[in-house]
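Number of protein chains: 2
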Amino acid sequence: MEANDQSRSARKHRAIMDAATQAFMAKGYAGTSMDDIAKLAAVSKQTVYKHFADKEKLFAEMVMATTERVDAMVALVADIPADADRLEENLTRLAGQFLAAVTRPQVLQLRRLIIANADAFPELGASWYEQGFERVLATLAAAFQRLADEKLLRIDDPLLAAHHFSGLLLWIPVNQAMFHGGPQHTQEDLDRYATAGVKAFLGAYR
Amino acid sequence: MEANDQSRSARKHRAIMDAATQAFMAKGYAGTSMDDIAKLAAVSKQTVYKHFADKEKLFAEMVMATTERVDAMVALVADIPADADRLEENLTRLAGQFLAAVTRPQVLQLRRLIIANADAFPELGASWYEQGFERVLATLAAAFQRLADEKLLRIDDPLLAAHHFSGLLLWIPVNQAMFHGGPQHTQEDLDRYATAGVKAFLGAYR
DNA sequence: CACAAGAACTAGACTGTCCAGTACTGAATG
DNA sequence: CATTCAGTACTGGACAGTCTAGTTCTTGTG
């Protein structure tokens, strides 16, 4: 009847994953029942269990699927123009985009979800941290190394510098978001954090 | 029979609170049953419900009770000697103590517990953040303001500077601890973070 | 192209378990 | 002797995971 981009099975699989993502994000692991997910995916519970052995496996797969979206962030961070005159400008723009990406409600919610269940899923938290966070940090560190080679920055330990960069930018908004429910930061706040963070970073590393 | 420092009721109250603290920290909110707490406190369930209306109230009270221990941290941060020659040394010592205090397993565990349940207890997360975190930050900001008045630092926005200080120090270990189960950082790591963080901070703000 | 076999799917009932909160009894405590 | 407590049984609801019976899609083979 309809256009069939994928097999029925693949469509169901995706529907379940989408529903699980939405439900787990909104109500947490314990707060989401398999019936909820089945209903949201418009699928029978049996089908859910056909595609995913149990709730834990569904959760783990759903979380790890999100690491694919990190690529965009890696690309964002990968090349900073080596232009001495516009270094602050370029870094501030990068910082703004970085902040915008990380403070998206979805991203923050996912972060909280993983932290909340890091006890029950220790290796999951570790994997996500590695494949999500550390990949971006490593890319950023490489970019900083290049800038250091070009004598635009003075850096001993590029990875540490990358951590400092993200710490200066993200500490405030991420912390707030972890403890409060929704997002408390306006665009102006974010701009302030970006400007001030980059200024401090350049004070320390130029 | 025994020495009675407090009424029996007060003793029971404390026993329940201690047991709740231990249990919730170890197994999370959902993972801890009221029977667990009663058993751990060596008290009947009836008594638990005599002292605390329900599980939510017990949890909330237990969390807020921990904010009392913040006083020690506030005192720690309150007075930094205004000695220009030893500024870096003094700040590094402060940073080391700050890091040691915040990366204590109990503190990190509590932090994760609150984050994990910030959805279910929104006002609790907010209160804890205010009375725990922001109090320390405000004290630190005041101390920085004094140092700025003494011309030891160059600071526009003391609160932002305090956030930057803690971000530089805590971003790495706190992040790691949130996603991994236990503590991954050795004392050497912490020392490195303290030294490097203070160096970057002074680069930015001196 | 036709069609049969089998795979995947739906709907919902069902089991076993866990747990918050209540009720009751008899013993200890003050 | 009046409270407070331990011990324990009980209620009601939620939920992971299984099972069954009947339906729809997919695919290989003639």
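Each protein sequence line maps, in turn, to chains A and B. Residues in the first sequence are numbered consecutively from 1, following full-length UniProt numbering. Residues in the second sequence are numbered consecutively from 1, following full-length UniProt numbering. C-beta: ideal position from N, C-alpha, C; glycine also.
The continuous alpha helix (DSSP H) containing Leu124 (chain A) extends over residues Pro122 to Trp128. Taking a C-beta cut-off of 7 Å against chain B, the contacting residues of the stretch 95-123 of chain A are Arg112, Ile114, Ile115, Ala116, Ala118, Asp119 and Pro122, listed in chain order. Taking the beta carbon of His180 (chain B) as reference, the chain A residues within 8 Å of it are Ala118, Pro122, Gly125, Ala126 and Tyr129, listed in sequence order.
Sequence-distant Cβ neighbours of Ile172 (chain B) in its own chain, meaning closer than 7 Å and more than five residues away, are Tyr193.
Taking a contact to require three or more Cβ pairs closer than 8 Å, the stretch 51-61 of chain B and the stretch 77-87 of chain B do not qualify as touching. In the three-state reduction of the DSSP assignment, Thr186 (chain B) falls in the coil class, being assigned neither a helical nor a strand state.
At least one beta carbon of chain B lies nearer than 8 Å to the beta carbon of Ala30 (chain A). Shown here, Lys27 (chain B) sits in a helix according to DSSP, grouped into three states.
In this structure, DSSP gives Pro105 (chain B) a helical state, which the three-state scheme calls helix. At a C-beta separation below 7 Å, Ser166 (chain B) has these neighbours in chain A: Trp171. For Lys50 (chain A), the enclosing alpha helix (DSSP H) covers residues Lys45 to His51. The beta carbon of Ile115 (chain B) sits closer than 8 Å to those of Gly125 and Met178, all from its chain and outside the five residues before and after it, given in chain order. Taking a C-beta distance under 8 Å as the contact criterion, Ala118 (chain A) and His180 (chain B) qualify as a contact pair. Under the three-state reduction of DSSP, Ser166 (chain A) is assigned to helix. Per the C-alpha coordinates, the member of B:Gln46, B:Val63, B:Ala101 and B:Ala10 positioned closest to Glu130 (chain B) is B:Val63. Closest in C-alpha terms to Leu110 (chain A), from the list A:Met34, A:Val136, A:Thr139 and A:Val174, comes A:Val174.
Using beta-carbon distances, Leu87 (chain B) does not count as an interface residue toward chain A, since no partner is under 8 Å. For Leu160 (chain B), the neighbours in chain A by C-beta distance under 7 Å run, in chain order, Ala196. Cβ-Cβ distances below 7 Å link Leu147 (chain B) to Ile80, Ala82 and Leu153 in the same chain, with the five nearest sequence neighbours on each side left out; the list follows chain order.
A distance below 8 Å separates the beta carbons of Ala161 (chain A) and Tyr205 (chain A).
Looking from the CA of Leu76 (chain B), the closest CA among B:Ala60, B:Thr67, B:Ala95 and B:Arg86 belongs to B:Ala95.
Just so you know, the alpha carbons of Ala138 (chain B) and Lys12 (chain A) end up roughly 52 Å apart. Burial state of Gln187 (chain B) is exposed, judged by a 10 Å Cβ sphere holding fewer than 16 other Cβ atoms.
The beta carbon of Gln145 (chain B) sits closer than 8 Å to those of Ile155 and Pro158, all from its chain and outside the five residues before and after it, given in chain order. For Arg112 (chain B), the CB contacts under 7 Å within the same chain, skipping 5 residues up- and downstream, are Met178 in chain order. Scanning chain A for C-beta atoms nearer than 8 Å to the C-beta of His185 (chain B) yields nothing, as the closest lies near 13 Å away. Within its own chain, the residues whose Cβ lies closer than 7 Å to the Cβ of Thr47 (chain A), once the five positions on either side in sequence are excluded, are Lys12, listed in chain order. For the stretch 44-65 of chain A, the set of positions with a beta-carbon nearer than 9 Å to some beta-carbon of chain B is empty. Per DSSP, reduced to three states, the secondary structure at His13 (chain B) is helical.
Leu168 (chain A) is a Cβ neighbour of Gly167 (chain B), given a cutoff of 8 Å.
For Ala142 (chain A), the nearest beta carbon of chain B is not closer than 8 Å to its own beta carbon.
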